[in-house]
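Structure, as structure tokens:
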Amino acid sequence: MSLKESLSSLLLRVLPPERFLKVRAAYLKLKSRAAPLLQLVHGTFTTADLIAEIDQQTDDDWDILMVHSSFNGMLPTYQGSALELCQALIEYCGPERTLVMPAFNFGAEGQGAREALKNDPRFDLRRTPSTMGLLTELFRRSRGVLQSRHPVYRVAALGPRARELVQGQELAPGGMGPG
Numbered sequence: 001m002s003l004k005e006s007l008s009s010l011l012l013r014v015l016p017p018e019r020f021l022k023v024r025a026a027y028l029k030l031k032s033r034a035a036p037l038l039q040l041v042h043g044t045f046t047t048a049d050l051i052a053e054i055d056q057q058t059d060d061d062w063d064i065l066m067v068h069s070s071f072n073g074m075l076p077t078y079q080g081s082a083l084e085l086c087q088a089l090i091e092y093c094g095p096e097r098t099l100v101m102p103a104f105n106f107g108a109e110g111q112g113a114r115e116a117l118k119n120d121p122r123f124d125l126r127r128t129p130s131t132m133g134l135l136t137e138l139f140r141r142s143r144g145v146l147q148s149r150h151p152v153y154r155v156a157a158l159g160p161r162a163r164e165l166v167q168g169q170e171l172a173p174g175g176m177g178p179g
């Protein structure tokens with residue numbers, strides 16, 4: 001876990017949700033203002049660069065690509081949009097391979113899944129958003145993407161093995177693992 005993640009986790013535990021959101025907004029504003037310096041130090045990369053890196057890191061013999069992402073974490077060095085990246089990942093997998101992303105829903109920021117389900121026990125695959133980030137939400141809403149019916153640990157999948165991966169996941173003894 002990075003220092004930033006550790007600090008964020010600590011602040012989330014000790015600050016009231018509205019205060020945490022203000023601190024987070026201030027951090028993102030500072031990061032945006034420091035973009036030229038961050039780009040100078042770390043360089044930049046495009047969607048094509050990222051897809052080329054994925055291609056270089058994978059063998060030719062794969063049929064499922066599971067993507068966990070932090071779009072905000074890639075900024076300001078990433079030079080594309082979340083929609084562009086989503087479309088590129090779908091295109092990279094093509095019709096022969098399956099793209100999968102977590103579409104978990106933990107409720108509103110700082111709320112937690114248990115509290116969210118207690119306040120609103122309804123679960124609508126079309127309307128319940130992914131709280132795992134912008135890329136996962138765009139993917140979840142993409143044409144042809146299937147979703148598991150788990151109210152918290154839902155996954156979204158597109159491709160020939162999508163149905164196999166999402167079907168019955170809500171019946172598994174836990175949110176993750178076989179089933």
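Under my numbering, the first residue of the sequence shown is numbered 1, with each subsequent residue one higher. Where is the CB? At the ideal position from N, CA and C, for every residue including glycine. Note that this is a predicted model, so its numbers are computed, not measured.
- [ ] Label residue 102 either buried or exposed according to how many other C-beta atoms from any shown protein chain fall within 10 Å of its C-beta, with 16 as the threshold for buried.
- [x] Buried is the call here.
Open item on the list: Applying the 10 Å Cβ sphere with the 16-neighbour rule, what's the burial state of residue 82?
Closed with: buried
Open item on the list: Quick check: the segment 140-152 against the segment 162-176, are at least 3 beta-carbon pairs closer than 8 Å?
Closed with: yes
- [ ] Measuring only between beta-carbons, confirm whether residue 104 sits less than 9 Å from chain D.
- [x] Given the protein chain composition of this structure (a single chain), no chain D is represented.
- [ ] Just the C-alpha distance for residue 64 and residue 49, rounded to the nearest angstrom, thanks.
- [x] 20 Å
Task: Short Cβ contact (9 Å threshold) for residue 66 with residue 104 - done: Their beta carbons are not under 9 Å apart, which means residue 66 does not touch residue 104 by this criterion.
Task: Beta carbon of residue 46 nearer than 9 Å to that of residue 92 - done: no
Open item on the list: I'd like the span of the beta strand (DSSP E) that includes residue 100, first residue to last.
Closed with: 98-102
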